[in-house]
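In the working numbering, the protein residues as written are 870 to 1110.
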């Protein structure tokens, strides 16, 4: 069930997260062994994570509030969809990556605090980037501290091209997905923990008329896809199926 805003867990008296429908109603749609989880965060929602991860006290408070939500809703766990620890998120102009360097080391501690608060019987998953440039926090050293805390790792095998790119590429593909999985294998992730996230949408990007895209459709120059302030330039978009 998505999404709970990342900021609500930073308060000593947090507001209650109300899902789009009661958990009991959702469970009736699926088999008895289906696990119901709440995703926290999502694209563009990083502020609450940055605040919650910053020190021991903030991590303990955040984790306690997550555990309380799990118990109150009667769900089986949570997914931490932080896009992305260390930077390259939707706020990369407002908060440059240089101001998020500490998140690389704070991210494993944040997950450890949540795991401790919810206990071993509840599920903890994370959503992680498939685009190598966004894997800032997933170094070999830090990843060894991340994987023990989580039950599942949801690899986003999409948005492999975004508005910051200068040339065309597949936004999702078999090759790109395999490359993402291999990248996580190389930093010690047990593939048994991986869920592969699929895109149920296509993306389009306007190419530069000066580029020779007919002969070389991949690696072809595109128009500016973002404005200087990071906002959408209107030269790209999505198509849903």
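Virtual Cβ for every residue (Gly too), placed ideally from N, Cα, C.
Fair warning: this is a prediction, and the values are worked out from it, not measured in the lab.
The Cβ atoms of residue 994 and residue 971 lie no closer than 9 angstroms to each other. Contact check for residue 976 and residue 999: beta-carbon distance about 17 angstroms, past the 8 angstroms limit, so the pair fails to qualify. Rounded to the nearest angstrom, the gap between the Cα atoms of residue 926 and residue 1067 is 36 angstroms. Here residue 935 is buried, its C-beta having at least 16 other C-beta atoms within 10 Å. Listed in chain order, the beta strand (DSSP E) runs fully inside the stretch 1046-1092 are 1063-1066, 1070-1074, counting runs of at least 3 residues.
Considered as a whole, the stretch 982-1025 harbours 992-998, 1021-1025 as its complete beta strand (DSSP E) runs of no fewer than 3 residues, in chain order. Residues of the same chain with a CB within less than 6 angstroms of the CB of residue 1076, apart from the 5 flanking positions on each side, are 1082, 1089, 1091 in chain order. In the displayed model, residue 889 falls within coil according to three-state DSSP, outside both helix and strand. For residue 918, the enclosing alpha helix (DSSP H) starts and ends at 916-922.
Rounded to whole angstroms, the separation of the alpha carbons of residue 873 and residue 889 is 10 angstroms.
Annotation for residue 950: the continuous beta strand (DSSP E) segment containing it runs 946-950. Between residue 1048 and residue 1074, the gap from beta carbon to beta carbon reaches 9 angstroms or more.
Under the three-state reduction of DSSP, residue 881 is assigned to coil, being neither helix nor strand. Two segments are said to touch when three or more pairs of C-beta atoms, one from each, lie closer than 8 angstroms; by this definition the stretch 904-911 touches the stretch 930-949. Classified as exposed, residue 1085 has fewer than 16 neighbouring CB atoms from the shown chains inside 10 Å of its CB.
Non-local beta-carbon contacts of residue 966 in its own chain, meaning distances under 8 angstroms to residues more than five positions away in sequence, involve 955, 956, 957, 1005 in chain order.
Under the three-state reduction of DSSP output, residue 1044 falls in the helix class. If you draw a straight line from the Cα of residue 902 to the Cα of residue 939, it comes to about 17 angstroms. Bounds of the beta strand (DSSP E) holding residue 909 are 906-910.
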